[in-house]
Structures are given as structure tokens and as C-alpha cells.
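J.: Note that my numbering has the sequence shown beginning at 1152, numbered continuously upward.
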Amino acid sequence: MTTNATKTPTHTRVEPGILYFGTPVVLISTRNEDGTANLAPMSSAFWLGWRGVLGLSARSQTARNLRRTGECVLNLPSDAMAPAVDRLALTTGTDPVPERKRERGYRYEPDKFGRAGLTPVDSETVAPPRVAECPVAMEAVLEAVRPVGEDDERQRGSIVALEVRVQRVRVHEEIRAAGTPDRIDPDAWRPLIMSFQHFYGLGPRVHHSTLASIPERLYRGPDIERARAVAER
């Protein structure tokens, strides 16, 4: 008598340069020192209730603006907006361009909204504008700044986790659940997802990502070395 035994999958040890397994893209709008609007795509974000935690380079224009003003808007693009988001790839609001970003091919762009072809609209509770085309816009204020990687002198001062408190949520009518005042219809809401530098919706890849042209080796940090040392003890 024979049986068809189910084979248990095994894990293989790997060292990817990044651990971006897939999170929603966020377009963060902030105000520059001269009063102009900055708009930056990112995907290191998650929410707990009406709090958001944003992982950013401490030297980025967005992080500096947010720490200075204490305000931002978290705009969530749909998967149909991938081309607009991709037009912001490899651009920065910092002039001169920081060395690490210049190494990766970034260039200075003072008009991020114009570059992306998106429309700024006034917010209700904060100074930075919302993105009219984004189905979701969350106005938020900064509550805490937590350094990341401070235990390693090679990373110290380079990454921050910014805790923000959402104080206004606005959505396009078409993603609201019918017959409810505040619920979002998950069948209507189609977020843009970034997974290992590529754009996806809730399905196959939806658009080429210029950001994916950056070699992953340029993202490799000292934590990989530390993890290797622990594993080899």
C-alpha cells in the first residue's frame, strides 16, 4: 500500500539587500522652508488605529520638513496612479543632492507636484496640501521621533521612525462602502503596493518601476553583516 506523503517545505538562508515584502505606497506632502510643497513617495509605513509610523532617511527633505513643521499629509495612491508615482522616482527636494542619493542616480526636483502631474488642494487642519487624485488623504501631525539603528555607529543618525497622529481622513466617494458613513469598501479600494522595488496592485505587477533600476547592493547595510555573524556563532 502506498501513500502520498505531503512534503514539508524547507527554508533556504538568503541575504536580500532589502526586506520590502510588500506595503502600500504613500505620497507624503510637506512644506519646504520657502513655503513650497514637497511630495515624496515611500512605502515604509504602517498604521495602528489613527497613528502612523513612517520610516524615513533622517537626512531626507521630507523628514526635515516634518520635524521642522510637525505636519504632513499621507496620500494613498491607487494602483492606477503607478505612472504618476513613478515620475517621482529618483527625484529629491534636497539641493544639493545628498551623496548617497546622487550615487543612486537621484536629481533635484523643486516642483514635485508638477513633475508627477498631480494636483495640490488645500488641507483642512495642516499646511501641506493634499493630492486631489489620491483616493485617500490623511492629514497628520508629528507626535514622536525615534532613531533607528542607534546601536550601530555606521547607521547612527541616518534613519528615523516618525510617529504621526492622523487628525483628518478624506476619501473619494467611490471607495466608501455603500450605506455607511465611515467605512471603506475593500473591493473598491485598490492600493498601489511596492514589493522589492516593483509596483503591484492586488494582483500582477501593474507598471514598470524606475526605482528598480537601483542595484539592491546599494541598499545593503551593516545589519546584514551583524545577522551573518550571529548565525555563524
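Where is the CB? At the ideal position from N, CA and C, for every residue including glycine.
1) Distance, Cα to Cα, SER1346 vs SER1208?
2) Could you pull the start and end residues of the beta strand (DSSP E) that ALA1386 belongs to?
3) Counting only the same chain and skipping the five closest in sequence on each side, list residues whose C-beta sits under 8 Å from that of ARG1368.
4) Which whole-angstrom value describes the C-beta separation of ALA1267 and LEU1239, a residue pair presumed to lie in contact below a C-beta threshold of 8 Å?
5) DSSP on SER1180, reduced to helix/strand/coil?
6) So which of LYS1158, LEU1178, PRO1160 and VAL1165 has the shortest CA-CA distance to PRO1279?
7) Straight-line CA distance for LEU1170 to SER1360?
8) Closest to THR1270 by CA distance: which of TYR1257, GLY1330, LEU1293 and CYS1285 is it?
9) Going by beta-carbon coordinates alone, are VAL1357 and ASP1230 separated by less than 9 Å?
10) Measure the C-alpha to C-alpha separation of GLN1318 and LEU1217 and round it to an integer number of angstroms.
11) Report the three-state DSSP secondary structure of VAL1248 (helix, strand or coil).
12) Determine, using beta carbons only, whether VAL1204 and VAL1315 come nearer to each other than 9 Å.
13) Which whole runs of the beta strand (DSSP E) in the segment 1214-1265 are 3 residues long or more, in chain order?
14) Can you find at least 3 beta carbon pairs, one from the segment 1220-1230 and one from the segment 1254-1268, that sit closer than 8 Å?
15) Suppose you measure from the CA of ALA1328 to the CA of THR1163; what does that come to, to the nearest Å?
16) Take GLN1340 as the anchor and find which of THR1243, ARG1182, GLU1294 and VAL1287 has the nearest alpha-carbon.
17) To the nearest angstrom, report how far apart VAL1248 and GLU1275 are at their CA atoms.
18) Looking only at its own chain, which residues have a Cβ that is under 8 Å from the Cβ of ILE1375, when we skip the five neighbours before and after it?
19) Distance check for LEU1313 and GLU1304, CA to CA, integer angstroms please.
20) Is ARG1377 helix, strand or coil by DSSP?
21) Answer with buried or exposed for SER1364, where buried requires no fewer than 16 other C-beta atoms within 10 angstroms of its C-beta.
22) Take ASP1301 and list the residues in its own chain whose beta-carbon comes closer than 6 Å to its own, dropping the five residues that flank it on each side.
T.: According to the data block:
1) Distance between SER1346 and SER1208, taken at the CA atoms: about 19 Å.
2) Nothing can be reported for residue 1386, as the shown portion of the chain is limited to 1152 through 1384.
3) Contacts found: GLY1168.
4) Yes, ALA1267 and LEU1239 are in contact; Cβ-Cβ is about 5 Å, under 8 Å.
5) It is a strand residue.
6) For PRO1279, the nearest C-alpha among the options comes from LEU1178.
7) Spanning the two alpha carbons is a distance of roughly 17 Å.
8) When only C-alpha atoms are compared, the closest one is CYS1285.
9) Less than 9 Å separates the beta-carbon of VAL1357 from that of ASP1230.
10) If I take the Cα positions, the gap works out to 15 Å.
11) Coil, per DSSP.
12) Yes, these two residues count as a Cβ contact at 9 Å.
13) Runs found: 1222-1227.
14) Contact between the segment 1220-1230 and the segment 1254-1268 is not established, with fewer than three Cβ pairs separated by less than 8 Å.
15) Annotation: ALA1328 to THR1163 spans about 43 Å, alpha carbon to alpha carbon.
16) The residue you asked about is not Gln; residue 1340 is Trp in the sequence shown. Looking only at THR1243, ARG1182, GLU1294 and VAL1287, the smallest Cα-Cα distance to TRP1340 is reached by VAL1287.
17) If I take the Cα positions, the gap works out to 32 Å.
18) Sequence-distant partners of ILE1375 (beyond 5 residues in either direction) whose C-beta falls short of 8 Å from its own C-beta, in its chain, are GLU1166 and GLY1168.
19) When the Cα atoms are used, GLU1304 and LEU1313 turn out to be separated by approximately 20 Å.
20) Residue state, collapsed to three classes: helix.
21) It is exposed - the Cβ of SER1364 has fewer than 16 other Cβ atoms within 10 Å.
22) One point to set straight first is that residue 1301 is Glu, not Asp, in the sequence displayed. Around GLU1301: ARG1307.
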